[in-house]
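K.L.:
Chains as they are written, first to last, in our numbering: chain R, 49 to 259; chain Z, 49 to 259. For each residue, glycine too, the CB sits at the ideal point set by N, CA and C.
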DNA sequence: AAACCTTGTTCTCTATTTGTTCTTGTTATA
DNA sequence: TATAACAAGAACAAATAGAGAACAAGGTTT
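1. Just to confirm before moving on: does the CB-CB distance between residue 178 of chain Z and residue 231 of chain Z stay below 7 Å?
2. Under 7 Å between the Cβ atoms of residue 101 of chain Z and residue 63 of chain Z?
3. Starting from the Cα of residue 66 of chain Z, find the closest Cα among Z:86, Z:164 and Z:224 and give me that residue.
4. For chain Z, find out if any of its Cβ atoms is closer than 7 Å to the Cβ of residue 93 of chain R; answer yes or no.
5. Using three-state DSSP, classify residue 212 of chain R as helix, strand or coil.
6. Going by C-alpha to C-alpha distance, which of R:207, R:249 and R:70 sits closest to residue 169 of chain R?
7. Closest by CA to residue 97 of chain R, which one among R:225, R:57, R:116 and R:204?
8. Excluding the 5 residues preceding and the 5 following residue 186 of chain R in the sequence, name in chain order all residues of the same chain whose CB lies nearer than 7 Å to its CB.
9. Going by DSSP, what residues sit across from residue 84 of chain Z in a beta bridge?
10. Per the DSSP calculation, residue 198 of chain R is bridged to which residue(s)?
11. Under the three-state reduction of DSSP, which class applies to residue 239 of chain R: helix, strand or coil?
12. So if I threshold CB-CB distances at 7 Å, which residues from the stretch 231-252 of chain R count as touching chain Z?
13. Please work out which residues of its chain come closer than 6 Å, Cβ to Cβ, to residue 196 of chain R, disregarding the five sequence neighbours upstream and downstream, and give them in chain order.
14. Just verifying my parser: in three-state terms, what is the DSSP assignment at residue 112 of chain Z?
15. Which residues in chain Z sit within 7 Å of residue 175 of chain R, going by Cβ to Cβ distance?
16. Taking the straight line between their C-alpha atoms, what separation do you get for residue 107 of chain R and residue 116 of chain R?
17. Could you check what DSSP says for residue 118 of chain Z in three-state terms: helix, strand or coil?
18. Between residue 222 of chain R and residue 157 of chain Z, how many whole angstroms is the CB-CB distance? I'm expecting something under 8 Å.
19. In whole angstroms, what separates the C-alpha of residue 218 of chain Z from that of residue 180 of chain Z?
20. Go ahead and pull the three-state DSSP assignment for residue 93 of chain Z.
21. How would you list, in chain order, the residues of chain R whose beta-carbon sits under 9 Å from the beta-carbon of residue 157 of chain Z?
22. If you run the structure through DSSP and keep just helix, strand and coil, what is residue 159 of chain R?
23. Could you please give the first and the last residue of the uninterrupted beta strand (DSSP E) stretch that includes residue 228 of chain Z?
24. Is it buried or exposed for residue 201 of chain R, if we count other Cβ within 10 angstroms and need 16 for buried?
25. Kindly give me the distance between the Cβ atoms of residue 166 of chain Z and residue 251 of chain Z, rounded to whole angstroms, as I take these residues to be in contact under 8 Å.
26. So what's residue 57 of chain Z in DSSP terms, helix, strand or just coil?
27. When you compare only the Cα positions, how much space is there between residue 228 of chain Z and residue 236 of chain Z?
28. Buried or exposed for residue 204 of chain Z, please, with buried defined as at least 16 other CB atoms from any protein chain shown within 10 angstroms of its CB.
29. Kindly indicate the opening and closing residues of the beta strand (DSSP E) around residue 256 of chain R.
30. Run down chain R in chain order and give the residues with a C-beta less than 9 Å from the C-beta of residue 185 of chain Z.
31. For residue 59 of chain Z, which residues in the same chain have their Cβ closer than 7 Å to its Cβ, ignoring the five residues on either side in sequence?
32. Within a Cβ cutoff of 7 Å, which residues of the same chain sit near residue 257 of chain Z, ignoring the five residues on either side of it in sequence?
33. How about residue 190 of chain R and residue 253 of chain R: do their beta carbons lie closer than 7 Å?
34. Starting from residue 172 of chain R, trace the beta strand (DSSP E) both ways and give me its first and last residue.
35. Near residue 162 of chain R, which residues of its chain fall below 8 Å by C-beta distance, leaving aside the five closest residues on each side in sequence?
36. By how many angstroms is the C-alpha of residue 199 of chain R removed from the C-alpha of residue 239 of chain R?
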């Protein structure tokens, strides 16, 4: 697939820095910022290291964009466990017709530890009434644990037909994937398993009554 | 559909300013006000940044309207800085048959700023199904703003007959206080106003799906 | 209604920041 | 010794940011 060049020490150090930076800030660093953080004096040399990370598919190629040093998503991005910090990304509205990966810049929301798991979580806002029978209303927030599998009966966030994100109850058989709304007036929808990509499962829900 | 250009540093700074301004003032700022707040000297350059925010659908297009720089979403404005101290007391379970004042020592729960008001708030856990038609289930948490008055239709926490705490919809007339559950199978209850003491009104709700 | 001020918009020009590509030299390691 | 890893810095180009002038539409005062 790809010629895996193992990372050198320095490259690891830089990658580590990027991961940590990514956890705390929502803008990527500049080369100069990385330099001063790591005690380097030359952007040029740093850039060569970054280039290796790009080749290793750990960093997105940032074509001259300023602050374009961003980690590649979806992969095995190591998560630094920081139990004191329970601010997690708010990625916008569900059913917005966009794959979640597309969300470029986000803000963070602090949530109670009771509403999240140990794993990577994010927040979405619900649009629509498809889950009202389970007490999830329009404009509620939901906390989602990021993962790509679920068991039957779980409430999941799924990317359907590669163009729509939706919150439903999942029922999987080898030949079919059924997404069931929790709303008496709506019908379950049947899909080819290939057309449903699980993006996370529901772990929490919140609602504001402030007007 | 939409080519998400990530925000540049300056654009983020401006957006952040708008969010904070929005939370404290009730009129949008003028370009000049933003300029002097951020130390800029040219409306023109600022305007270009604002234009990017409009393209990113973060700011409404303000067609020459004065003070027309308003954020796109009203309720769901992402909070960028959420580092304030929002740990509030957890006072135990509702309907526990004890006036809340009696709770001596309590733990604190961190909640998102979106779920609380500026005033004193606390958290209770719901016992029972009296509010399920409004999506408040058994074992949900509710965030309550502490106060002793409410208007008709508010969802409130009340101490009834000096021995029971309950979460209901309130309806007040000079001669009667009616507490209505949100559950088709339960009946409203009528009280002498003297026997119902309002302890707070509902401002937020949370639910955990982790088991 | 007219005169006036405020404020959003558009434009041009310039400055600064920052990613990229070099060349050169040093240090570590097999 | 040979090779890879690393560092520094110069030079360049694109992206980003800023200043200021001129204009037009909105509001306000007279």
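P.N.:
With the structure as the only source:
1. As a first step, residue 178 of chain Z must be located in the second chain, where it is residue number 130. As a first step, residue 231 of chain Z must be located in the second chain, where it is residue number 183. Cβ distance < 7 Å, so residue 178 of chain Z and residue 231 of chain Z count as in contact.
2. Along the second chain, read from residue 1 onward, the residue named residue 101 of chain Z stands at position 53. Along the second chain, read from residue 1 onward, the residue named residue 63 of chain Z stands at position 15. The answer is yes: Cβ separation under 7 Å.
3. Taking the second chain and counting its residues from 1, the one referred to as residue 66 of chain Z is at position 18. Selected option, being the one with the closest Cα: Z:86.
4. For the purposes of this step, residue 93 of chain R is taken as the residue at position 45 of the first chain. So no, residue 93 of chain R is outside the interface.
5. Start at 1 with the first residue of the first chain, and residue 212 of chain R comes out as number 164. Correct three-state label for residue 212 of chain R: strand.
6. Translated into the one-based positions of the first chain, residue 169 of chain R becomes position 121. Comparing Cα positions, the closest option is R:249.
7. The residue you call residue 97 of chain R lines up with position 49 of the first chain. Measuring from the Cα of residue 97 of chain R, the nearest candidate turns out to be R:57.
8. Sequence index remark: in the first chain, residue 186 of chain R carries index 138 (1-based). The answer, listed in chain order, is 174, 175, 176 and 177.
9. In the second chain, residue 84 of chain Z corresponds to position 36, counting from 1. Paired residues: none, contrary to the question.
10. Counting from 1 along the first chain, the entry for residue 198 of chain R is found at position 150. None, per the DSSP bridge assignment.
11. In the first chain, the residue the question calls residue 239 of chain R occupies position 191. Strand, per DSSP.
12. 250, 251 and 252
13. As a working mapping, residue 196 of chain R is identified with position 148 in the first chain. For residue 196 of chain R, where only same-chain residues beyond five positions count, the Cβ hits under 6 Å are 246.
14. On the second chain, position 64 is the one that residue 112 of chain Z refers to. Three-state DSSP puts residue 112 of chain Z in coil, outside helix and strand.
15. Stepping through the first chain from its first residue, residue 175 of chain R is reached at position 127. The contacting residues do not exist; residue 175 of chain R stays about 10 Å from chain Z at best.
16. The residue labelled residue 107 of chain R in the question sits at position 59 within the first chain. The residue labelled residue 116 of chain R in the question sits at position 68 within the first chain. Going from the Cα of residue 107 of chain R to the Cα of residue 116 of chain R covers about 10 Å.
17. Looking up residue 118 of chain Z in the second chain gives position 70. DSSP places residue 118 of chain Z in coil when its eight states are reduced to three.
18. Numbered from 1 along the first chain, position 174 holds the residue referred to as residue 222 of chain R. Numbered from 1 along the second chain, position 109 holds the residue referred to as residue 157 of chain Z. Not really, about 43 Å apart at Cβ, beyond 8 Å.
19. The residue you call residue 218 of chain Z lines up with position 170 of the second chain. The residue you call residue 180 of chain Z lines up with position 132 of the second chain. So the alpha carbons of these two residues sit roughly 16 Å apart.
20. For the purposes of this step, residue 93 of chain Z is taken as the residue at position 45 of the second chain. Looking at residue 93 of chain Z - three-state DSSP - the assignment turns out to be helix.
21. Along the second chain, read from residue 1 onward, the residue named residue 157 of chain Z stands at position 109. Neighbours of residue 157 of chain Z on chain R, chain order: 160, 161 and 162.
22. If you number the first chain from 1, residue 159 of chain R lands on position 111. Coil, per DSSP.
23. Within the second chain, residue 228 of chain Z is the residue found at index 180, counting from 1. That run of the beta strand (DSSP E) goes 225-228.
24. Translated into the one-based positions of the first chain, residue 201 of chain R becomes position 153. Exposed, since its Cβ has fewer than 16 Cβ neighbours within 10 Å.
25. Within the second chain, numbered from 1, the residue matching residue 166 of chain Z stands at position 118. Within the second chain, numbered from 1, the residue matching residue 251 of chain Z stands at position 203. About 10 Å; that fails the 8 Å criterion.
26. By one-based count along the second chain, residue 57 of chain Z stands at place 9. In the structure shown, residue 57 of chain Z sits in a helix (DSSP, three-state: H, G or I).
27. As a position in the second chain, residue 228 of chain Z is number 180, starting the count at 1. As a position in the second chain, residue 236 of chain Z is number 188, starting the count at 1. Rounded to the nearest angstrom, the two C-alpha atoms are 4 Å apart.
28. Taking the second chain and counting its residues from 1, the one referred to as residue 204 of chain Z is at position 156. Its Cβ being crowded by 16 or more others within 10 Å, residue 204 of chain Z is buried.
29. Sequence index remark: in the first chain, residue 256 of chain R carries index 208 (1-based). Per DSSP, residue 256 of chain R belongs to the beta strand (DSSP E) from 244-256.
30. Here residue 185 of chain Z corresponds to residue number 137 of the second chain, with the count starting at 1. What residue 185 of chain Z touches in chain R: 182 and 183.
31. Looking up residue 59 of chain Z in the second chain gives position 11. The answer, listed in chain order, is 97, 100 and 101.
32. Numbered from 1 along the second chain, position 209 holds the residue referred to as residue 257 of chain Z. Excluding sequence neighbours, residue 257 of chain Z sits near nothing in its chain.
33. What you label residue 190 of chain R is simply residue 142 of the first chain in a count that begins at 1. What you label residue 253 of chain R is simply residue 205 of the first chain in a count that begins at 1. Cβ atoms of residue 190 of chain R and residue 253 of chain R: closer than 7 Å.
34. In the first chain, counting from the first residue as 1, residue 172 of chain R sits at position 124. Residue 172 of chain R -> beta strand (DSSP E) spans 169-173.
35. The count along the first chain starts at 1 and reaches residue 162 of chain R at position 114. These residues qualify, in order along the chain: 252.
36. Stepping through the first chain from its first residue, residue 239 of chain R is reached at position 191. Stepping through the first chain from its first residue, residue 199 of chain R is reached at position 151. Approximately 16 Å, taken between the alpha carbons.
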